[in-house]
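Visitor: Got a structure for you, questions after.
Chains as they are written, first to last, in the working numbering: chain B, 1 to 556; chain Z, 1001 to 1318.
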């Protein structure tokens, strides 16, 4: 086992006495970002000490075992499913060559633009007893088919979430395989190993941090999901949180349940990081696009069939159904306001992507340059926002924001004697801050994996040449992190456009987006009318996905 | 500083009623009176937390929600203020408003029985409670207990029958289910129409929306408990926030919402029933027949909601 690699960084010239004695600027930056995320988490966690009531007792007596078991099976199923789909597809498109590979390469990212609860509804709409498939079967058979898979079931939820979330793993693993996979296989082959053994024993272990990063996002998203599980009426930890809040009128009990969730995620992330910190992952050298493994004849078509069926089930069929619905309501529902919904969505997605990428870059660089326990912990904390159910996090963000506003209002009133309204609340700044807190984990996962790829000898060389600190970041890291940053930006962009609870709670008056539109239509079960904004979301996600695949295929 | 001679009035609304259902009303009001209306929509839970957190600085003047339980809760938490308005008292019947006048119902949502006309005769049906009878074994479809409409229905049953009897009824409902509970009313009706089950409980406007699109579905509504306490109704309604900055303007808007013109718009846009009994419902809605409403004050639904939720959990109603 290799020893953990720790960079010993001499203090830079020009560092003030203050910084030297206490914290340097990297640590200050990391702690500030962690503080931003910790504040809403703290607000939620603090409720652990507030009133205790009988809500807990009720859950323990009636449904806790089911909730935990359901949550466990969901995590296990979605985890295994997305890893399998994501890794296998990434390997095929990044390291192999087969018919259709060029466009499948980017097309396989498209399911990312579909909100999971929309796919859930389409899936149930198509495959449930009353759906067209079973109805058609009944009319052919003259009776009920002897057996048909039950869509509203544990398997059904797992399938829908796997199909909508696998792109997280796919994108990150693809990034890893693109740069090091084939080279590693070649090395293995030159040592007399077969391709499969090379993949299993060399390429796969080398891509582990990327896969783990994608998987962590998938699992956090699964834990925080409310929309999909409620359409399936599948009770999880999250539905219990919402039930405590909306059904039993106890936000404190809801927050207590949520705190438990955050605690579990934190422990899991720490374990994952510990296991990873003992290994080193770095670039295995340049490889060119030409040396993909050619899959000829039947094997090539098999690969094509596999990729196209995943794309078909996860994207083409749902979007087809949505388009049919959207077409039906287009005349009734479409108006010029859609342009502003679209504009708002794209603007918010873009601005949030920039902001979170900047945040992630700071975290990742600090972690590299100051690899101490405090920084590592702060980075972990800073990525916890993603694990909380959206509405709970929204409240956690809203309460401290309002508190600050109130302080400022009173302060200005005593100083100047004028009354003003909210300064932060209801502004885009507050909204973007909330997105930063929620989606930092998404950007961090992608950028962190990319940083892992940069070999430590590069830092040493740079330092020998007198380049360190911010110039090191700008001149060495940044160009090499480009692929990771683009992945991060795209993931956040698409995620923000789909996001609902925070958008609903923090948007300024009149700042409705496509996802707000989807909310309006779905909250009363008008799914067909939600199809129009959903299709618009897919279209808005299309261009960045295309751009990303263009850029990330150009090797660094 | 300069100020316009006559500043246009403004009302700021937080609404849990969907945008597509309230915007037409607001547009009509602005056209009629010149008052500008700014609004934001969200789910009830986050809206109430938002109001609570904003406290005396809240920009909101009016809170509009669906379900009496949410209005009751907003009032309980001190977010609404009592309204003294003769117009509202006259327009809105006593069982559809807060006994302390902190909120008023504006439209009525009836939750009733729907059945497959090819498989069930109306004479087979009588009450919600009767759906617990073993003759409905394997023939009943229900929506999830997580939806507030079912929580309110069960809360009203608790207030009439007490907990033990209600729990028995709910357990038998669950025993009669033909398939897992659905996540919305439309799915319940489609399942009944497709023959997966024969009978279920839905809000009438879902029935209206579905039948407009697919008029040939073999579905009909039945008004239960007509010899007893009446059909369970819920409301969507509104109250003025405790720290409203434009209280008078908000009151005028609220009064207007209870008036004839607005009542028609308010209920017709979603095929609900007007809360003001002097106003006739939309023609299509009226064609479903008239019925006796349960006159227990709808605020009971709020008071007993958490008992109802726990009871349904115990009864295994997911």
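Quick reminder that beta carbons are idealized off the backbone N, C-alpha and C, glycines included.
For chain B, check one thing: does any of its Cβ atoms lie closer than 7 Å to the Cβ of residue 1293/Z?
Guide: To locate residue 1293/Z, count along the second chain from 1; it is residue 293. Cβ-Cβ to chain B under 7 Å: no for residue 1293/Z.
Visitor: Taking the alpha-carbon positions, what's the residue 297/B to residue 98/B distance?
Guide: Stepping through the first chain from its first residue, residue 297/B is reached at position 297. Stepping through the first chain from its first residue, residue 98/B is reached at position 98. When rounded, the distance between both Cα atoms is 9 Å.
Visitor: Which residues does DSSP list as the beta-bridge partners of residue 1014/Z?
Guide: Here residue 1014/Z is taken as the residue at index 14 of the second chain, counted from 1. DSSP, once it has assigned bridges, lists 1040/Z and 1063/Z as partnering residue 1014/Z.
Visitor: Under 8 Å, with one C-beta from each stretch per pair, do the region 1208-1215 of chain Z and the region 1085-1093 of chain Z reach the 3-pair mark?
Guide: no
Visitor: Is it buried or exposed for residue 1056/Z, if we count other Cβ within 10 angstroms and need 16 for buried?
Guide: Position 56 of the second chain, counted from the first residue, corresponds to residue 1056/Z. With fewer than 16 Cβ atoms within 10 Å of its Cβ, residue 1056/Z is classed as exposed.
Visitor: Identify the contact partners of residue 248/B in chain Z, using a Cβ-Cβ distance below 7 Å as the criterion.
Guide: Reading the first chain from its first residue, position 248 is the one you call residue 248/B. Ordered by position in chain Z, the residues that pass the 7 Å Cβ test against residue 248/B are 1306 and 1309.
Visitor: Would you call the region 1258-1273 of chain Z in contact with the region 1102-1112 of chain Z, where contact means no fewer than 3 C-beta pairs closer than 8 Å?
Guide: yes
Visitor: Which residue's Cα is closest to the Cα of residue 1148/Z: 1041/Z, 1084/Z, 1116/Z and 1070/Z?
Guide: Numbered from 1 along the second chain, position 148 holds the residue referred to as residue 1148/Z. Here the closest residue by C-alpha is 1070/Z.
Visitor: Examine chain B for any beta-carbon lying closer than 7 Å to the beta-carbon of residue 1168/Z, and answer yes or no.
Guide: On the second chain, position 168 is the one that residue 1168/Z refers to. Taking Cβ atoms only, chain B never reaches closer than 7 Å to residue 1168/Z, which makes this a no.
Visitor: Chain Z beta carbons: is any one of them nearer than 7 Å to that of residue 62/B?
Guide: As a position in the first chain, residue 62/B is number 62, starting the count at 1. So yes, residue 62/B belongs to the interface.
Visitor: Shorter than 7 Å from the beta carbon of residue 1049/Z to some beta carbon of chain B?
Guide: Residue 1049/Z sits at position 49 when you count from the first residue of the second chain. Cβ-Cβ to chain B under 7 Å: yes for residue 1049/Z.
Visitor: When the cut-off is 7 Å and only beta carbons count, does residue 1046/Z lie next to chain B?
Guide: By 1-based counting over the second chain, the position of residue 1046/Z is 46. Yes, because at least one Cβ of chain B sits closer than 7 Å to the Cβ of residue 1046/Z.
Visitor: Is residue 449/B closer than 7 Å to residue 210/B when the C-beta atoms are compared?
Guide: Residue numbering aside, residue 210/B sits at position 210 when the first chain is read from its first letter. Residue numbering aside, residue 449/B sits at position 449 when the first chain is read from its first letter. Yes; because the gap between Cβ atoms is below 7 Å, this pair is in contact.
Visitor: If you draw a straight line from the alpha carbon of residue 447/B to that of residue 389/B, how long is it in whole angstroms?
Guide: Along the first chain, read from residue 1 onward, the residue named residue 447/B stands at position 447. Along the first chain, read from residue 1 onward, the residue named residue 389/B stands at position 389. A direct Cα-Cα distance of roughly 24 Å separates residue 447/B from residue 389/B.
Visitor: Closer than 7 Å by beta-carbon distance: list the chain B residues that pair up with residue 1018/Z, in chain order.
Guide: The residue given as residue 1018/Z occupies position 18 in the second chain. Those within 7 Å of residue 1018/Z in chain B are 520, 523 and 524.
Visitor: DSSP on residue 115/B, reduced to helix/strand/coil?
Guide: Start at 1 with the first residue of the first chain, and residue 115/B comes out as number 115. Residue 115/B falls in the coil class under three-state DSSP.
Visitor: Going straight from the alpha carbon of residue 290/B to that of residue 444/B, what length do you get?
Guide: Here residue 290/B refers to the residue found at position 290 of the first chain. Here residue 444/B refers to the residue found at position 444 of the first chain. Reliability of the predicted coordinates at residue 290/B is poor, the pLDDT of 48 falling under 50, and no value is obtained from them.
Visitor: Taking the Cβ atom as the reference point for each residue, do residue 346/B and residue 435/B lie within a distance shorter than 7 Å?
Guide: The residue given as residue 346/B occupies position 346 in the first chain. The residue given as residue 435/B occupies position 435 in the first chain. Taking 7 Å as the cut-off, the Cβ atoms of residue 346/B and residue 435/B do not count as close.
Visitor: When DSSP labels each residue in this structure, what does residue 1168/Z get in the three-state scheme?
Guide: On the second chain, position 168 is the one that residue 1168/Z refers to. Note: residue 1168/Z maps to helix in three-state DSSP.
Visitor: Where does the unbroken beta strand (DSSP E) through residue 1094/Z begin, and where does it stop?
Guide: As a first step, residue 1094/Z must be located in the second chain, where it is residue number 94. First-last for residue 1094/Z: undefined, no H or E at that position.
Visitor: Classify residue 140/B: buried if its beta carbon has 16 or more other beta carbons within 10 angstroms, exposed otherwise.
Guide: Sequence index remark: in the first chain, residue 140/B carries index 140 (1-based). Answer is exposed; the Cβ neighbour count stays below 16.
Visitor: Starting from residue 1238/Z, trace the alpha helix (DSSP H) in both directions and tell me its first and last residue.
Guide: As a first step, residue 1238/Z must be located in the second chain, where it is residue number 238. Residue 1238/Z -> not in any alpha helix (DSSP H); beta strand (DSSP E) instead, spanning 1232-1240.
Visitor: DSSP on residue 1104/Z, reduced to helix/strand/coil?
Guide: The residue labelled residue 1104/Z in the question sits at position 104 within the second chain. DSSP places residue 1104/Z in strand when its eight states are reduced to three.
Visitor: Could you tell me which chain Z residues have their CB closer than 7 Å to the CB of residue 152/B, listed as they occur along the chain?
Guide: Here residue 152/B is taken as the residue at index 152 of the first chain, counted from 1. Result: 1180.
Visitor: Using alpha carbons as the reference points, say which of 548/B, 70/B and 391/B lies closest to residue 40/B.
Guide: The residue labelled residue 40/B in the question sits at position 40 within the first chain. Looking at the Cα atoms, 391/B is the closest of the given residues.
Visitor: Can the beta-carbon of residue 557/B be found less than 7 Å from the beta-carbon of residue 151/B?
Guide: Examination of residue 557/B is not possible in this model, given that chain B is present from 1 through 556 alone.
Visitor: By how many angstroms is the C-alpha of residue 1028/Z removed from the C-alpha of residue 543/B?
Guide: Locating residue 543/B in the first chain gives position 543, where the first residue counts as 1. Locating residue 1028/Z in the second chain gives position 28, where the first residue counts as 1. Cα-Cα distance, rounded: 39 Å.
Visitor: Quick one, which of 397/B, 325/B, 355/B and 394/B has its alpha-carbon nearest residue 530/B's?
Guide: Counting from 1 along the first chain, the entry for residue 530/B is found at position 530. When only C-alpha atoms are compared, the closest one is 325/B.
Visitor: By the 8 Å beta-carbon criterion, what residues does the region 408-436 of chain B contribute toward chain Z?
Guide: 409, 421, 422, 425 and 426
Visitor: When you compare the CB of residue 1159/Z with every CB in chain B, is at least one pair closer than 7 Å?
Guide: Looking up residue 1159/Z in the second chain gives position 159. No, its Cβ sits nowhere closer than 7 Å to a Cβ of chain B.
Visitor: Just to confirm the assignment, what range does the beta strand (DSSP E) spanning residue 1201/Z have?
Guide: Here residue 1201/Z corresponds to residue number 201 of the second chain, with the count starting at 1. From DSSP, the beta strand (DSSP E) with residue 1201/Z extends over 1199-1203.
Visitor: Assuming residue 256/B and residue 468/B make a contact with CB atoms under 8 Å, what is their CB distance in whole Å?
Guide: In the first chain, the residue the question calls residue 256/B occupies position 256. In the first chain, the residue the question calls residue 468/B occupies position 468. Contact doesn't hold; Cβ gap of about 46 Å is too wide.
Visitor: Three-state secondary structure (DSSP) at residue 1140/Z?
Guide: For the purposes of this step, residue 1140/Z is identified with residue 140 of the second chain, where counting begins at 1. For residue 1140/Z, the three-state secondary structure derived from DSSP is strand.
Visitor: Starting from the beta carbon of residue 233/B, find every residue of chain Z whose beta carbon is closer than 8 Å, and list them in chain order.
Guide: Taking the first residue of the first chain as 1, we reach residue 233/B at position 233. Within chain Z, the residues near residue 233/B are 1144, 1146, 1180, 1181, 1182, 1183 and 1318.
Visitor: What is the DSSP secondary structure of residue 1277/Z, counted as helix, strand or coil?
Guide: As a position in the second chain, residue 1277/Z is number 277, starting the count at 1. In the structure shown, residue 1277/Z falls within a coil segment according to DSSP collapsed to helix, strand and coil.
Visitor: Any beta carbon from chain Z within less than 7 Å of residue 129/B's own beta carbon?
Guide: Walking along the first chain from the start, residue 129/B turns up at place 129. Answer yes: the Cβ-Cβ gap between residue 129/B and chain Z drops below 7 Å somewhere.
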